[in-house]
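Asker: In this text, residue positions in the sequence shown follow the numbering used here: the first is 68, and each later residue adds one.
Structure below; questions to follow.
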Amino acid sequence: MNRELVDRGCERAMFGLVLAILVYGPLAFGAVGTRDFLLIQAMTLGVMLLWLVRLWLNPKPRLLWPPINWCVLAFTAYALVRYFTADIEYVARLEVTRVVIYAFLFLAVVNNLQRQEYTQIIALTLVFLAMCIAAYGIYQFITDSDKVWTFVKSYKHRGSGTYFSPNNFAGFLEMILPLGLAWLLVSRATAVTRVFVGYACLVIIGGIVVSLSRGGWAGAIVSLIVMFALLLRHRNFRLPAMIVLVLLCIGGGFLVKKSQFVRMRWNEMTANQRFNDSARLDLWEPAIRMWRENVWFGVGPNHYNYRFRAYRPQDIQLQPDRVHNDYLNALTDWGVVGFVLVAGAWVLLYAGVAKTWRYVRGSPADFGGGNSNKFAVVLGASCGLAAILVHSVIDFNMQIPANAILAITLMAMLAGSLRFATERYWIGARLPSKLLVSALLAAGLAGLGWQLARGAAEYRWLRKAQALPDASLEQIAALKKAFEAEPQNFLTAYYIGRALRIQSEVDEQLAREAIQWFERSAALNPHHAYSYLEHGICLDFPIGDVEAAMPFFEKAVELDPNGYFTSAWMGWHYVQAGDDAAARVWFERSKRLQPTDNMIADKYLPIVTERMLRKATNSSSLLLQLNR
68 MNRELVDRGC ERAMFGLVLA ILVYGPLAFG AVGTRDFLLI QAMTLGVMLL WLVRLWLNPK
128 PRLLWPPINW CVLAFTAYAL VRYFTADIEY VARLEVTRVV IYAFLFLAVV NNLQRQEYTQ
188 IIALTLVFLA MCIAAYGIYQ FITDSDKVWT FVKSYKHRGS GTYFSPNNFA GFLEMILPLG
248 LAWLLVSRAT AVTRVFVGYA CLVIIGGIVV SLSRGGWAGA IVSLIVMFAL LLRHRNFRLP
308 AMIVLVLLCI GGGFLVKKSQ FVRMRWNEMT ANQRFNDSAR LDLWEPAIRM WRENVWFGVG
368 PNHYNYRFRA YRPQDIQLQP DRVHNDYLNA LTDWGVVGFV LVAGAWVLLY AGVAKTWRYV
428 RGSPADFGGG NSNKFAVVLG ASCGLAAILV HSVIDFNMQI PANAILAITL MAMLAGSLRF
488 ATERYWIGAR LPSKLLVSAL LAAGLAGLGW QLARGAAEYR WLRKAQALPD ASLEQIAALK
548 KAFEAEPQNF LTAYYIGRAL RIQSEVDEQL AREAIQWFER SAALNPHHAY SYLEHGICLD
608 FPIGDVEAAM PFFEKAVELD PNGYFTSAWM GWHYVQAGDD AAARVWFERS KRLQPTDNMI
668 ADKYLPIVTE RMLRKATNSS SLLLQLNR
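Written out as structure tokens, the structure reads:
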């Protein structure tokens, strides 16, 4: 067997898988869906397996170990420890799975994709991909389309490309725009390639503009200011940089002047003294309160959304999913310890860029006048990451798998560039090192493979349940199969109980079975208010034990004090108890929290009001008769 030939084949296969991940994620709505992320997880397993094979094929393998790798390992270890102490095991496991995938992808790119041809192909592929997605976003904006592929998006009159959110669309483009401009201005690409890249950059800029994302605009502008400030200091790039900068300024000014939507968003951004939407601040304040109660270690991996109801302000009735601020999100979920580890990785990354800078920048005396593909990658990637750092102040791009993987890949390319500055970060992988790395890869393959199989089985049954009539016996059976595949998912237990509760209107025994499922759901997630709420509903009707139901309603209100839905059901409970006065108080509170689309309060508030009025009228009539 020709080991060198097999090793080269494995290397190319790894490159192909990484490239496939980078392309597939953005095209699949940012890989936010379960199925799409499972596919990325499967491709990551392929990358890890090929790395393990390469490690033993090469008789004298070497590892590239820049300082940032230690932060990556430290945060991954911390995430695993935090998983074992989390309140909600299922949610924490899914989040830590992401962390482990990102960590292995980062280390795999740093240690295996070091050839210049790979870096160039990745850069140009990303620019071409961004151009296509941006063009789709421009088409959506011009035609006022509300579709992303075949799905309807919630953001109207804004381009979002292949993403559901225009903000995440802008986050993807803003990371690639500096890479494209750097390739245009400082690489050794041919004239034809430069023309193509220049055109692609114009389309990408158009995509960022039509996203109408203020965070995207701010990130792109800051990254371009940094890039051109750096280029204007280098005399070989000064003239082309000035020409491109002037053209961009003229084009941007013309666009702002002529575009009604752009002017409107700009006026909103500059006129609002708080800068951010009040809704964002309403999400930040609960996050700060959560963090203050869990300063060092946070509330748990991805626990913000599931702890939010207890802290929610009255104006927010939907679930936020994330904080809409990646920095605050990290602080809330991971605490000071996790935040410091993440911040340390960024500091070490840019310290490495500063160290690498003069070795990749090129000299005016060099052939090509100082142009360098290495410099293009370092300049473009570092400025692209600066853009996402700015945008992350008001959005959650790093919680979107496709954007996070893109950022991690750019970070890995920058970290790997340290090899141009020094040889000190190369480590000869002798037998102990090979065994240690192999053990880590094997453990990762086993853990991620187990999670992939479990997640795929659960997904299959959940999809089947989703297609069946709501609360039907067939849906209940499918949900039970999903729970067998993943017995830690509290939401599956909750939906089984809810379906049984609806069916129990004709069978009291089903209500008692539903209670068992609500108890399971509450045990798996003690912060889920609706599990206690539905438990109380079952006790009220059809079981009829109103007194026993009261503690469960009180617990639900404790966990969700400002939720309109919880308040409405509390009013319903008082209706069952025959206390119309108390019921009216809760229904009115529910209506204040959610004036429209409040089915329970809309139905029962007129009923209890009429009954109270009738009782008052009857009492007055009786009193008059007695006085006579």
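Don't be surprised by glycine CBs; every beta carbon is placed ideally from N, CA and C.
Short of 7 Å in beta carbon distance, which residues of its chain neighbour Phe375, apart from the five on each side in sequence? Order them along the chain.
Answerer: Pro353, Gln386 and Pro387
Asker: Hey, quick one: how far does the beta strand (DSSP E) through Gly228 stretch, first residue to last?
Answerer: Where Gly228 is concerned, there is no enclosing beta strand (DSSP E), given that its DSSP letter is neither H nor E.
Asker: Spell out the partners DSSP gives Lys214 in its beta bridges.
Answerer: Beta-bridge analysis with DSSP links Lys214 to Val219.
Asker: Taking the continuous alpha helix (DSSP H) assigned at Leu172, which residues delimit it?
Answerer: Glu156 to Asn179
Asker: Over what stretch of residues does the alpha helix (DSSP H) that includes Gly495 continue unbroken?
Answerer: Counting along the chain, Gly495 falls outside any alpha helix (DSSP H), though it belongs to the beta strand (DSSP E) covering Trp493 to Gly495.
Asker: When the Cα atoms are used, what is the spatial distance from Val444 to Leu298?
Answerer: The straight-line gap separating the alpha-carbon atoms of Val444 and Leu298 is approximately 14 Å.
Asker: Relative to the C-alpha of Phe364, which residue among Arg379, His391, Asn372 and Val407 is closest?
Answerer: Val407
Asker: Less than 9 Å separating the beta-carbons of Leu558 and Tyr599?
Answerer: Inclusion of Leu558 and Tyr599 in the CB contact set at 9 Å is not warranted, their separation being larger than that value.
Asker: Quickly, what does DSSP pair Leu130 with across the bridge? List them, please.
Answerer: Beta-bridge pairing links Leu130 to Ile494.
Asker: For Val85 versus Leu172, is the C-beta distance shorter than 9 Å?
Answerer: yes
Asker: What distance in whole Å lies between the Cβ atoms of Asp647 and Met617, which are believed to be in contact at a cut-off of 8 Å?
Answerer: About 16 Å separates the two Cβ atoms, so there is no contact after all.
Asker: Return the CA-CA distance between Arg425 and Leu105, expressed in angstroms with no decimal places.
Answerer: 41 Å
Asker: Would you tell me roughly how many angstroms separate the C-alpha atoms of Phe632 and Ile667, rounded to the nearest one?
Answerer: 8 Å
Asker: What do you get for Asn592, buried or exposed, if any count of 16 or more other CB atoms within 10 angstroms of its CB means buried?
Answerer: buried
Asker: Which of helix, strand or coil does DSSP assign to Arg656?
Answerer: helix
Asker: Note the first and the last residue of the continuous alpha helix (DSSP H) segment covering Pro618.
Answerer: Val613 to Leu626
Asker: Leu660 to Leu507, Cα distance in whole Å?
Answerer: 51 Å
Asker: Can you list, in chain order, the residues of its chain with a C-beta nearer than 8 Å to that of Arg521? Leave out the 5 residues immediately preceding and following it.
Answerer: Ala552 and Glu553
Asker: Three Cβ pairs or more, each shorter than 8 Å: is that satisfied between the stretch 537-550 and the stretch 141-157?
Answerer: no
Asker: Measure the alpha-carbon distance for Leu348 versus Tyr597 and round it to whole angstroms.
Answerer: 26 Å
Asker: Please name the residue, chosen from Gly238, Gly483, Thr229 and Ile292, that lies closest to Leu248 on a Cα-to-Cα basis.
Answerer: Ile292
Asker: Under the rule that 16 or more other beta-carbon atoms within 10 Å means buried, what is Thr624, buried or exposed?
Answerer: Here the sequence assigns Val to residue 624, which means Thr is not the residue at that position. Per the 10 Å Cβ criterion, buried.
Asker: To the nearest angstrom, how far is it from the Cα of Pro233 to the Cα of Trp216?
Answerer: 14 Å
Asker: Please list the terminal residues of the continuous alpha helix (DSSP H) segment that includes Arg182.
Answerer: No alpha helix (DSSP H) contains Arg182, which DSSP labels as neither H nor E.
Asker: From Glu525 to Tyr561, what distance separates their C-alpha atoms?
Answerer: 15 Å
Asker: Excluding the 5 residues preceding and the 5 following Leu672 in the sequence, name in chain order all residues of the same chain whose CB lies nearer than 6 Å to its CB.
Answerer: Phe654
Asker: Say yes only if the C-beta of Ile475 is nearer than 8 Å to one or more non-hydrogen atoms of the ligand PLP, and no if none qualify.
Answerer: The ligand PLP is not part of the structure shown, which contains no ligands of any sort.
Asker: Spatial neighbours of Val362 within its chain, please: CB distance less than 7 Å, with the 5 preceding and 5 following residues excluded, ordered by chain position.
Answerer: Gly402 and Val403
Asker: Would the stretch 197-213 and the stretch 179-187 be scored as touching if the rule is three or more Cβ pairs under 8 Å?
Answerer: With a cut-off of 8 Å, the stretch 179-187 and the stretch 197-213 do not count as touching, because too few Cβ pairs lie within range.
Asker: Does the separation of the CB atoms of Val167 and Gly419 fall below 9 Å?
Answerer: no
Asker: With 16 other CB atoms within 10 Å as the buried threshold, where does Gly367 fall?
Answerer: buried
Asker: Please report the distance separating the alpha-carbon of Gly92 from that of Leu112.
Answerer: 16 Å
Asker: For the alpha helix (DSSP H) containing Met465, list its first residue and its last residue.
Answerer: For Met465, there is no enclosing alpha helix (DSSP H), since its DSSP letter is neither H nor E.
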